[in-house]
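Novice:
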Amino acid sequence: ERRGRAMGIVMSSFSVATVAGVPGSLFLASHFGWHAPFFVIALTCAGLALGAWVTLPPLAGHLQRARQSPLDNIMTVLQDGNHQKAFVFTVLLMSAGFSLFPYIAIYLTANAGLSAQQIPFVYLCGGLATLFTARWIGRLSDSVGKAKIFTFMALATIVPMTVLPQIAPYGLYIVLATTTCMFVGMNGRMIPGMALVTSAANPQLRGTFMALNSSVQSAAMGVAAFVGGLIISRDAQGLVQNFWVNALLGVAATLLSVMLVGRLKLYGASVVK
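If you read the sequence shown in this note's numbering, its first letter stands for residue 45, the second for the next number, and so on.
Laid out in structure tokens, this is it:
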């Protein structure tokens, strides 16, 4: 099985988006208005949808049972205990990242002394680093084991997550070292993590499962970002307060995900070790 390698390739697209997408969107917004990036995204998605429709095979060979209605499929997926664990695992993955990521730029400019012009370097360095590490981690996930690599990357990510809220105006290079390590760790745990989630789905219900899991991802990201926004505040000097609480929530979600990964059952494999 090469699911980890495939997820590494997919996750490297996020690196490309970080390196090229953020500066490109800023360029479009500054030259053509803030609507321009959204129009470009819509046109790109339309092109991708057409290309997928034309080139992708039907992949219906796994459907060897009587067809059910979409609602019946949804209920079947939701009632499966292994699927429920996978959904909780997804919530923990998303919560660990999005309790912090939406507020990194705010914190770094307010507390770490970075200027607004220096913030793109955070995403540039992080994106470039993950562009090189994503495929390597994907291959390791297949050769060493997805659960083992996930556990290692998740625990390693705790270090920059706890260091980040302590950063004062130490200089750009210290900030970049910390944020780049966190980008690599977050991206690195997502590769085996999402490979495990897809492997936990019943093959005959994988389409419905993945659709629901996508909704779970979006909801978890939104809730984590919303809760994080309620926690942080600014003092009279404009410094961001309570960012360490967001980091603590991220660490807690990470540790819970490490505890849960050993309880996932993979289809076509034994219970995850």
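In this text, a Cβ means the ideal position worked out from N, Cα and C, and glycines have one as well.
(1) Among Ala156, Thr224 and Met238, whose alpha-carbon lies nearest the alpha-carbon of Ser301?
(2) From this set, Ile181, Phe76 and Pro247, which residue's C-alpha is nearest Gly232's C-alpha?
(3) Have a look at Lys129, Gly157, Asn155 and Ile276 and flag the residue whose alpha-carbon is nearest the alpha-carbon of Val260.
(4) Could you compute how far the alpha carbon of Ala149 sits from the alpha carbon of Phe165?
(5) Give me the Cβ distance between Asn290 and Gly272, rounded to the nearest whole Å; I'm assuming they're in contact under 8 Å.
(6) Would Pro81 and Ala90 be called neighbours here (beta carbons separated by less than 9 Å)?
(7) With a CB to CB cut of under 7 Å and the five nearest residues on each side skipped, what residues in its chain are close to Gln162?
(8) Tell me, to the nearest whole angstrom, how far the beta carbon of Leu240 is from that of Met226; I am working on the premise that it is less than 8 Å.
(9) I need the straight-line Cα distance from Gly9 to Thr222, nearest angstrom please.
(10) According to DSSP, is Gln285 part of a helix, a strand, or is it coil?
(11) Do you know how far the Cα of Phe71 is from the Cα of Ala245?
(12) Would you tell me roughly how many angstroms separate the C-alpha atoms of Tyr214 and Phe83, rounded to the nearest one?
(13) Within the 9 Å Cβ cut-off, does Thr298 reach chain C?
(14) Give the straight-line distance between the Cα atoms of Arg307 and Ala191, rounded to the nearest whole angstrom.
(15) Starting from the C-beta of Leu293, find all residues in its chain whose C-beta is less than 6 Å away, skip the five residues before and the five after it, and write them out in chain order.
Specialist: Reading it off the structure:
(1) Within the sequence shown, the letter at position 257 stands for residue 301. Here the closest residue by C-alpha is Met238.
(2) Sequence index remark: in the sequence shown, residue 232 carries index 188 (1-based). It is Ile181.
(3) On the sequence shown, position 216 is the one that residue 260 refers to. Out of Lys129, Gly157, Asn155 and Ile276, the CA that lies nearest to the CA of Val260 is found in Lys129.
(4) For the purposes of this step, residue 149 is taken as residue 105 along the sequence shown, with counting starting at 1. For the purposes of this step, residue 165 is taken as residue 121 along the sequence shown, with counting starting at 1. Their Cα atoms are separated by approximately 11 Å.
(5) As a working note, residue 290 is residue 246 in the sequence shown. As a working note, residue 272 is residue 228 in the sequence shown. Their Cβ separation, rounded to whole angstroms, is 5 Å, which keeps Asn290 and Gly272 in contact under 8 Å.
(6) Along the sequence shown, one-based indexing puts residue 81 at 37. Along the sequence shown, one-based indexing puts residue 90 at 46. Using a Cβ distance threshold of 9 Å, Pro81 and Ala90 do not count as a contacting pair.
(7) For the purposes of this step, residue 162 is taken as the residue at position 118 of the sequence shown. Within the same chain, Gln162 has close Cβ partners Leu216.
(8) Taking the first residue of the sequence shown as 1, we reach residue 240 at position 196. Taking the first residue of the sequence shown as 1, we reach residue 226 at position 182. The pair is not a contact, with the Cβ atoms about 21 Å apart (cut-off 8 Å).
(9) Lying before the first or after the last residue shown, residue 9 is absent from the chain, which here runs from 45 to 317.
(10) As a working note, residue 285 is residue 241 in the sequence shown. In this structure, Gln285 counts as strand in the three-state DSSP scheme.
(11) Residue mapping note: residue 245 aligns to position 201 of the sequence shown, counting from 1. Residue mapping note: residue 71 aligns to position 27 of the sequence shown, counting from 1. Taking the straight line from one Cα to the other gives about 41 Å.
(12) The residue you call residue 214 lines up with position 170 of the sequence shown. The residue you call residue 83 lines up with position 39 of the sequence shown. Their Cα atoms are separated by approximately 39 Å.
(13) You won't find chain C in this structure, because it holds only one protein chain.
(14) The sequence position of residue 307 within the sequence shown is 263, counting from 1. The sequence position of residue 191 within the sequence shown is 147, counting from 1. If you take the alpha carbons of Arg307 and Ala191, they lie about 10 Å apart.
(15) Residue 293 sits at position 249 when you count from the first residue of the sequence shown. Ser143, listed in sequence order.
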